[in-house]
Amino acid sequence: MEVAFYIAAAVAIIATMLMLRDLNVVHALLYLIVSLLAVAVVFYVIGAPFMAALEVIIYAGAIVVLFVFVVMMLNLGEHAVAMEQRWLTPGIWIGPTALAGVLLGEVAYLAARGGAQMEAQMVAPKQVGIGLFGPYLIGVELASMLLLAGLVGAYHLGVRRRQRTEIRHARDTHERRVAPSSDVVLAGTDRPARTP
Amino acid sequence: MLFSLGLIGLLVRRNLIVVLMSLEVMLNAAGLAFVVAGSRWQQADGQIVFLFILTMAATEVAIGLALVLQVYHQFKSLDADVLSEMRG
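Residue numbers (numbering that gives the first Met the number 0), protein chains in the order written: chain A, 0 to 195; chain B, 0 to 87.
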């Protein structure tokens, strides 16, 4: 089992190094996914399967999807398709695929052997749940408040640009001596302001 | 090791998205250390702390990426050196 642990750890470190070395954000994201999956395999091997599942779902699922969304939003334009084709040339897949293949083979080997973890060091998810809603209850509440603060903050930062557009539009209509109430509906859109 | 790699990425790279990715790697490394320690001493506390780290990482990346979008709209660049011209 220790061999499996060291292989997964080596894959994680190699993937992270390649992520840092890569100048292209999308390629770096591919290596980041492999690194997170390797850490998930490490969790699985050392006897924390629940944490491994959470790592895959939240890190490799949600957080990487956020990164991909932002990369997509920052590359709008006509040339986006051409750029994407240039990014995703077949040679790019070799590195991450090889590392992910190592991980997949390892997991397949462990699953084929049956009881995959280091059984002596297993910490059951039940213990985690009991601890989470026992002595760490205040931490759970604080985490919920943190998530609420993050939600409000991200919404505020994301919505500010539209407000600025609306303010500018209102100022422009005022300078042109247009009654601001005449086109409240148009505020914030790209349609030209009506002139009397 | 993973933590120091993340730190190196944070310091060396100038692309803001890559800096955020390095931050993720660092948080991940800290969580890994917690889980391994909890597994070593048969305590559930390590995994609980990892859950908290996971929550914080998700929040941090959401806020950070919203800030990156704002920076990109303001400066039309993702270079962290451009931001050094900011005046509070």
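Glycine included, C-beta positions come from ideal geometry on N, C-alpha and C.
Predicted, not measured: the structure shown is a model, and the values here were computed from it.
- Nearest in C-alpha terms to A/ILE56, of all of A/VAL44, A/ALA39 and A/VAL10, is A/ALA39.
- With the rule of 3 Cβ pairs closer than 8 Å, the segment 98-114 of chain A does not count as touching the segment 45-64 of chain A.
- Ranked by Cα distance from A/SER143, the options B/PHE74, B/LEU31, B/SER38 and B/ALA57 are led by B/ALA57.
- The beta strand (DSSP E) runs lying completely inside the segment 25-56 of chain B and spanning 3 residues or more number zero.
- Among the residues facing chain B, A/LEU36 is not included, as its CB has no counterpart in that chain under 8 Å away.
- Residue pairing by DSSP leaves A/ASN23 without any beta bridge partner.
- Residue-level contact by beta carbon fails for A/ILE13 and chain B, as no gap is shorter than 8 Å.
- In the DSSP assignment, A/PRO124 falls within the alpha helix (DSSP H) that extends over 124-131.
- If you draw a straight line from the Cα of A/TYR154 to the Cα of A/MET72, it is about 16 Å long.
- Interface with chain B (8 Å Cβ-Cβ cutoff): A/PHE42 is included.
- Annotation: A/GLY46 to A/LEU35 spans about 17 Å, alpha carbon to alpha carbon.
- Proximity of chain B to A/GLY130 at the Cβ level (cut-off 9 Å) is accounted for by GLN42, ALA43, ASP44, GLN46 and ILE47, in chain order.
- Note on geometry: alpha-carbon atoms of B/ASN27 and A/PRO124 lie some 19 Å from one another.
- The C-beta of A/LEU98 comes no closer than 8 Å to any C-beta of chain B.
- Buried is the label assigned to B/VAL17, since at least 16 other Cβ atoms lie within 10 Å of its Cβ.
- It is roughly 14 Å from the alpha-carbon of A/ALA27 to the alpha-carbon of A/LEU65.
- When rounded, the separation of the alpha-carbon atoms in A/ALA9 and B/PHE49 is 21 Å.
- The CB of B/PHE74 never comes closer than 8 Å to any CB in chain A; the least such distance is about 12 Å.
- Straight across, the Cα-Cα distance linking B/ASN14 with A/THR96 is about 25 Å.
- Taking 8 Å as the upper bound for CB-CB distance, A/TYR30 and A/MET18 are in contact here, some 4 Å apart.
- Contact of A/GLY46 with chain B is assigned, a C-beta pair being separated by under 8 Å.
- For A/TYR135, the closest Cβ of chain B is nearer than 8 Å.
- In terms of CA proximity to A/ALA110, A/VAL44 leads the group A/LEU22, A/VAL2, A/VAL44 and A/ALA37.
- Pairing A/VAL127 with B/ILE47 gives a Cβ-Cβ distance under 8 Å.
- Contact annotation: A/ILE93 and A/ALA59 have beta-carbon atoms that are not nearer than 8 Å.
- Contacts with chain A at 8 Å (Cβ-Cβ) include B/VAL60.
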